[in-house]
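Trainee: The structure is given below, and queries will be raised subsequently.
Numbering (our numbering), first residue to last: 309 to 584.
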């Protein structure tokens, strides 16, 4: 039977960073399947071959832990990152005093990570996740079927379009949109660039095209006093803050991640007129 040490040696020889920890994780996850030794060895050999050619670890094992839940992920969907947990944490803070039934919208939802993590903590609220990619939404639906949040649905389409008319309004709109510029995309590690969907990563206008669209269109979908939270690139904070202010948002703030980099744009919609 393949041992954890043998896995480590193969991964290390292929230049995989953190080879020992990944070997341990693979062994632990494979053993959960309660397979016999032959099947266990075959599974570990398959996972190791895929990892050696650069496929992301989360794709290989088929899941990722994210803010107290486990999500299924694979080809066609962005892998949720620890940085996005900060957006969930901030969302929960903003939702702390909201009553049951309050509606939350998540754009560019991917695997459903944000609304499903929020639903795990606040199951009394209602969530909608929207994504342009049917492949990504297939993973979101799979995760919804496993986690069974009481009030959560996923829609396919371009940002707010699937909501139709009359335009519904939300107390909180969140998004982890594509925010990598074309120049940055060309420099991404092959593990990201060659496997994860480009649609979920790259955006025009120096990576800010989708952020600006969301900020503009969200105004007609937020209740007065509602909040917009966007995950952003580390060099975009000042420019996006200026853009949000120019659109009439109040309480604009750029929040930093644990490494001290700009990561979350927060803004409140308090319209001075009823035009939007």
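Think of the CB as a built atom: it goes at the ideal place given N, C-alpha and C, for glycine as much as any other residue.
Where does residue 495 land, buried or exposed, given buried means 16+ other C-beta within 10 angstroms?
Mentor: What you label residue 495 is simply residue 187 of the chain shown in a count that begins at 1. With fewer than 16 other Cβ atoms within 10 Å, it is exposed.
Trainee: Mapping DSSP to helix, strand and coil, what is residue 573?
Mentor: Stepping through the chain shown from its first residue, residue 573 is reached at position 265. Strand.
Trainee: Use the C-beta contact count for residue 342: other C-beta atoms within 10 angstroms, 16 or more gives buried, fewer gives exposed.
Mentor: Mapped onto the chain shown, residue 342 falls at position 34. So residue 342 counts as exposed.
Trainee: Just curious, the alpha helix (DSSP H) that residue 387 is in, first and last residue?
Mentor: Against the chain shown, residue 387 aligns to sequence position 79. Unbroken run through residue 387: none, as it is neither H nor E.
Trainee: Between residue 450 and residue 380, how many whole angstroms is the CB-CB distance? I'm expecting something under 8 Å.
Mentor: By one-based count along the chain shown, residue 450 stands at place 142. By one-based count along the chain shown, residue 380 stands at place 72. 5 Å between Cβ atoms; contact.
Trainee: Residue 559 and residue 575 look like a contact to me (Cβ under 8 Å); what is the Cβ gap, rounded to whole Å?
Mentor: Residue 559 sits at position 251 when you count from the first residue of the chain shown. Residue 575 sits at position 267 when you count from the first residue of the chain shown. Correct: roughly 7 Å between the Cβ atoms.
Trainee: Kindly indicate which three-state DSSP category residue 407 falls into: helix, strand or coil?
Mentor: Translated into the one-based positions of the chain shown, residue 407 becomes position 99. The answer is coil: DSSP assigns residue 407 none of H, G, I, E or B.
Trainee: Where does residue 361 land, buried or exposed, given buried means 16+ other C-beta within 10 angstroms?
Mentor: Taking the first residue of the chain shown as 1, we reach residue 361 at position 53. Residue 361 is exposed by the Cβ-count criterion.
Trainee: Does the Cβ of residue 311 have 16 or more other Cβ atoms within 10 Å, making it buried, or fewer, making it exposed?
Mentor: For the purposes of this step, residue 311 is taken as residue 3 along the chain shown, with counting starting at 1. With fewer than 16 Cβ atoms within 10 Å of its Cβ, residue 311 is classed as exposed.
Trainee: Using DSSP's beta-bridge definition, name the partner residues of residue 371.
Mentor: On the chain shown, residue 371 is found 63 positions in, with the first residue counted as 1. 380.
Trainee: Grouping DSSP H, G and I as helix and E and B as strand, with all else coil, what is residue 464?
Mentor: For this step, residue 464 is matched to residue 156 along the chain shown. Strand.
Trainee: So is residue 580 buried or exposed if we call it buried at 16+ other beta carbons inside 10 Å?
Mentor: Sequence index remark: in the chain shown, residue 580 carries index 272 (1-based). Exposed is the call here.
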